[in-house]
Amino acid sequence: MKRASDTGRRKASDGERAASRGERTKRKWWVRLIGWGIITSLTLMVAGAAFVASMFYYYGSDVSLPGTSKVRDYNPKTVTRIYDRNGILIGELASERRTVVPYDKIPKVLINAVVSAEDADFFKHKGLDYMGMLRAFLANLRAGRFVQGGSTITQQVVKTFFLTPKRTIRRKMQEVILARRLENELRKEEILRLYLNQIYFGHGRYGVQEASRFFFGKDVNEIGLGEAALLAGLPQSPERLSPLKHPSRAKRRQLYVLKELARRGYVSQDVASAVAKQPIRVVRHRRPYLGAAPEITDIVRAHLAKAFGEKKLATLGKKVYTTIDIKLQVAAREAVRWGLRAIDARHGYRRRARHVKAKKRAKTSRWLAREQKKIVYGKHYLALVTKVGESLEADIGGGRKVEVSVDDERYNPQQHAPAKRFSVGDLVRVRATRDEKRFVFDAGPQGALVAIEPGSGEVLAMVGGYDYRAGEFNRATQAMRQPGSSFKPFVYGAALQSGKYTPASIVDDAPVVFKGWEPRNFDGKHRGPLRLRVALAHSVNTVAAKLISDVGVDAVRKLASDLGISTALGRDLSIALGSSSVRVIDLASAYAAIAGGGKRAEPRIIRRIGGEPVRASAPTQAMKPEVAFVLARMMQSVVQQGTARRARRLRRPVAGKTGTTNKQKDAWFAGFAPQIATVVWVGFDSPRSIGYKETGGRAALPIWVRFMREALKGKSRRDFKQPPNVVVARIDPKTGLLAAEGAADAIEEVFVAGTQPTKRARAADQVDPDTILMDSAVR
122 MKRASDTGRR KASDGERAAS RGERTKRKWW VRLIGWGIIT SLTLMVAGAA FVASMFYYYG
182 SDVSLPGTSK VRDYNPKTVT RIYDRNGILI GELASERRTV VPYDKIPKVL INAVVSAEDA
242 DFFKHKGLDY MGMLRAFLAN LRAGRFVQGG STITQQVVKT FFLTPKRTIR RKMQEVILAR
302 RLENELRKEE ILRLYLNQIY FGHGRYGVQE ASRFFFGKDV NEIGLGEAAL LAGLPQSPER
362 LSPLKHPSRA KRRQLYVLKE LARRGYVSQD VASAVAKQPI RVVRHRRPYL GAAPEITDIV
422 RAHLAKAFGE KKLATLGKKV YTTIDIKLQV AAREAVRWGL RAIDARHGYR RRARHVKAKK
482 RAKTSRWLAR EQKKIVYGKH YLALVTKVGE SLEADIGGGR KVEVSVDDER YNPQQHAPAK
542 RFSVGDLVRV RATRDEKRFV FDAGPQGALV AIEPGSGEVL AMVGGYDYRA GEFNRATQAM
602 RQPGSSFKPF VYGAALQSGK YTPASIVDDA PVVFKGWEPR NFDGKHRGPL RLRVALAHSV
662 NTVAAKLISD VGVDAVRKLA SDLGISTALG RDLSIALGSS SVRVIDLASA YAAIAGGGKR
722 AEPRIIRRIG GEPVRASAPT QAMKPEVAFV LARMMQSVVQ QGTARRARRL RRPVAGKTGT
782 TNKQKDAWFA GFAPQIATVV WVGFDSPRSI GYKETGGRAA LPIWVRFMRE ALKGKSRRDF
842 KQPPNVVVAR IDPKTGLLAA EGAADAIEEV FVAGTQPTKR ARAADQVDPD TILMDSAVR
């Protein structure tokens with residue numbers, strides 16, 4: 122029994138020892154597992170650190186990695202602003218609307234708001250906020266979508282200035298590297314200055330200054346807490362949070378920024394709560410004249426590109442002050458549009474040509490096919506409407522279907538739907554575009570206007586077309602058209618300047634032929650002997666032709682050139698009737714010289730760029746003052762008794778000359794008051810008749826009168842200033858001689874001193890001795 126119990130105890134002891142060994146074995150396994158886990162973790166950490174280090178080394182040593190020197194010479198895209206002569210903003214040149222402001226001009230309240238909204242630990246970290254990145258990761262994970270970014274302001278500057286928006290490991294590594302570098306090279310204030318001037322705030326505005334001006338109508342250094350909180354919240358999503366488009370979203374974002382400002386101790390909770398209760402107030406920006414002078418914006422752009430280089434335009438950021446009076450510019454455009462619409466109405470450019478009945482449409486289509494075999498870009502055609510929708514479907518002949526756009530407001534000012542204006546079977550005038558399947562409504566005539574201040578040459582208004590848009594063909598400066606009779610003052614001026622002629626000189630209006638050229642009067646009639654003043658007033662072609670034949674083509678060409686005509690003029694007599702093409706701005710400059718006493722100044726549009734004045738060329742005396750005065754007085758008769766009588770409505774001393782070319786392809790009126798010279802041209806871009814009886818007096822003069830009424834409004838009445846070397850004499854209207862004593866029909870005439878007549882006309886009851894002798898011989 123004892124042996125059995127001993128054996129039992131040994132077995133129990135062995136079991137205990139075995140169990141103990143099992144427990145020790147189990148503990149060793151866990152220890153080994155933990156040990157291996159620690160070793161593996163350390164190994165992975167070292168490997169990961171080595172990998173990250175190698176990645177940083179690899180990307181950090183990449184020769185293509187951008188340097189940070191770019192931000193040291195910060196020269197971003199900015200706005201060049203264009204102003205009129207009174208400091209009114211009329212145009213902008215910008216691919217990004219930005220005005221750079223120094224750090225000390227950015228209010229502390231805005232800096233605090235931006236930091237609170239975008240990067241609360243900005244002033245603590247070294248470019249990377251690891252805790253912030255972790256918080257953003259967890260927040261996005263909880264939300265199941267992207268709700269919070271982890272980038273610091275420094276990282277955002279790096280992304281904006283140096284890197285592409287592509288989301289790759291390479292770009293992220295470069296971002297981290299460059300953020301650290303930037304923090305080492307720039308002060309926090311410098312980084313903030315870059316950020317606040319560069320970022321986008323929506324509505325085409327970049328940087329805090331432009332954003333403040335756009336939303337609040339004030340400079341950024343004038344904004345308060347609520348405005349700062351609103352601006353600070355926008356960069357996260359400028360369009361989605363726009364206070365103009367989405368005011369409720371903008372308000373929620375503003376409240377978040379205010380809460381963060383209070384939480385971080387920048388403002389008290391009471392102040393934040395008080396501001397939070399206030400409604401968002403943004404300015405509905407009113408710049409009524411911005412964009413009202415695209416012709417001038419184009420001219421300024423071309424000047425700046427020439428002066429500074431095309432590549433520098435985007436970063437120029439200049440203030441350009443022009444000679445333009447924007448109120449006159451608006452009046453000029455309205456006058457041109459009004460006049461052209463009147464011509465449209467007279468000649469049916471707003472209407473269909475006619476309506477074709479259903480049974481005749483097939484025949485009309487065949488006729489169109491015969492007449493319009495070849496379609497040429499820019500040419501005009503007839504089209505038969507086959508379908509009416511938002512645009513028209515039309516047949517241009519033989520079943521050739523095209524689309525016709527009819528949305529031009531010029532012909533549809535009431536914005537009526539096409540179905541109210543057209544029906545199937547209408548025959549309409551159309552113009553071919555570069556797309557052979559698309560035509561546009563036939564454009565009526567175009568127009569141009571230039572107004573210049575006599576003496577200074579400063580351009581006050583310029584219209585380059587009915588609906589001129591930036592970059593288009595400017596008919597005021599680029600079109601070269603025949604001036605017709607508006608060229609005649611240069612012929613008469615040369616005649617006066619020669620000393621051989623006066624306003625009282627008599628020239629016979631009779632048929633004449635010059636080496637195969639026979640000038641004809643517009644009405645086909647002849648009036649016999651005429652004083653020069655009368656011949657100019659009634660635009661008598663034969664008299665102008667005889668004058669240029671006598672004084673010489675070269676004398677006329679030289680005077681026209683001296684006064685401002687820059688285009689090449691012909692060397693034949695026909696230039697007297699305006700056969701050589703001129704530019705509208707040149708003719709305006711020349712007429713301004715006549716109005717200014719013969720003193721000619723180059724047309725000037727830019728006064729100052731930034732603080733630097735643009736040097737104006739010195740005026741030249743192109744015509745003697747006394748000759749210019751006498752010529753101007755002769756041109757007043759065009760208004761008082763001649764082809765421009767409509768201008769008498771102004772009840773002002775004005776002078777000018779109508780001009781009409783063959784078949785009414787060009788219509789002009791060029792004229793002036795002592796304060797302003799204005800030229801109006803009307804015609805088609807591809808020369809063709811404007812319409813029956815559309816002379817300068819009918820097509821162009823009404824535009825001129827409408828504009829000049831506005832231009833002279835509020836200005837004192839002034840007569841043309843008579844220079845010392847001018848005399849006034851009473852003359853006989855029939856002979857041009859000094860009037861007989863007591864003659865009832867005597868008139869006053871002006872003369873350059875020394876050219877006035879010396880012979881006196883006979884009294885009405887005085888018998889001519891030559892007549893007595895002739896009567897005796899007959900008997």
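Residue numbers (my numbering): 122 to 900.
Cβ atoms here follow ideal geometry from the backbone N, Cα and C, with glycine treated the same way.
Model, not experiment: these values are computed from the prediction.
For Asp629, the uninterrupted beta strand (DSSP E) run begins and ends at Ile627 to Asp630, by DSSP.
Under the DSSP assignment, His501 falls in the beta strand (DSSP E) whose first and last residues are His501 to Val509. Contact annotation: the stretch 625–636 does not touch the stretch 725–740, with fewer than three C-beta pairs closer than 8 Å. Annotation: the stretch 762–836 contains the following complete segments of the alpha helix (DSSP H) (minimum length 4 residues), in chain order: 822–833.
For Lys842, the secondary structure class from DSSP, reduced to helix, strand or coil, is coil. Under the three-state reduction of DSSP output, Val633 falls in the coil class, being neither helix nor strand. Rounded to whole angstroms, Glu431 and Tyr204 show a C-alpha spacing of 21 Å. Annotation: Glu524 to Val545 spans about 14 Å, alpha carbon to alpha carbon.
For Phe562, the enclosing beta strand (DSSP E) covers residues Arg559 to Phe562. Of the candidates Thr779, Phe643, Glu862 and Ala861, Thr779 places its Cα closest to the Cα of Pro823. Spatial neighbours of Ile464 in its own chain (CB-CB distance under 8 Å, excluding positions within 5 residues in sequence) are listed in chain order as Tyr470, Gly565, Pro566, Val803, Ile811, Gly812, Glu815 and Ala820.
In this structure, DSSP gives Lys245 a state outside helix and strand, which the three-state scheme calls coil. Taking the C-beta atoms as reference points, Lys439 is found nearer than 8 Å to Ile730.
Residue state for Thr741 is assigned as strand, using DSSP reduced to three classes. Checking the DSSP bridge columns, you'll see Ser660 has no partner listed. Between Tyr316 and Gln277, the C-beta spacing is below 8 Å. Note on geometry: alpha-carbon atoms of Thr688 and Thr485 lie some 46 Å from one another. The DSSP assignment places 522–526, 547–553, 559–562, 567–573 and 580–584 as complete runs of the beta strand (DSSP E) inside the stretch 517–590, in order along the chain (cut-off: 3 residues). In terms of Cβ geometry, Ile573 and Ala713 form a close pair [threshold 8 Å]. Take Arg770, set aside five residues on each side of it, and the residues of its chain with a beta-carbon closer than 7 Å to its own are Val826, in chain order. The criterion of a C-beta distance shorter than 8 Å is not satisfied by Tyr502 and Ala540.
For Leu379, the enclosing alpha helix (DSSP H) starts and ends at Pro368 to Arg384.
Across the set Phe283, Ala350, Thr443 and Ala860, the C-alpha of Thr443 shows the shortest separation from the C-alpha of Arg725. Asn196 counts as exposed, since fewer than 16 other beta carbons sit within 10 angstroms of its beta carbon.
In the DSSP annotation of this structure, the continuous segment of the beta strand (DSSP E) that includes Pro650 starts and ends at Gly649 to Arg652. Setting aside the 5 residues that flank it on each side, Pro650 is surrounded in the same chain by Ile627 and Asp629, each with a C-beta closer than 6 Å to its C-beta; the list follows chain order. When Ala397, Ile447, Asp419 and Gln295 are compared, the shortest CA-CA separation from Phe828 is found for Ile447. Secondary structure of Phe872 (DSSP, three-state): strand. Contact between the stretch 411–428 and the stretch 759–766 is not established, with fewer than three Cβ pairs separated by less than 8 Å. Taken in chain order, the whole beta strand (DSSP E) runs of length 3 or more contained in the stretch 296–333 are 321–323. Taking the Cβ atoms as the reference, Phe750 lies roughly 15 Å from Val775, outside the contact range of under 8 Å. Distances from the alpha-carbon of Arg881 to those of Ala874, Val871, Gly614 and Lys855 put Lys855 closest. Between the alpha carbons of Asn846 and Met744 lies a gap of roughly 13 Å. In the DSSP assignment, Gly863 falls outside any beta strand (DSSP E) and carries neither an H nor an E.
In the three-state scheme derived from DSSP, where H, G and I count as helix and E and B as strand, Ile727 is classed as strand. A check of alpha carbon separations from Ile445 across Asn207, Val279 and Arg482 identifies Asn207 as the nearest.
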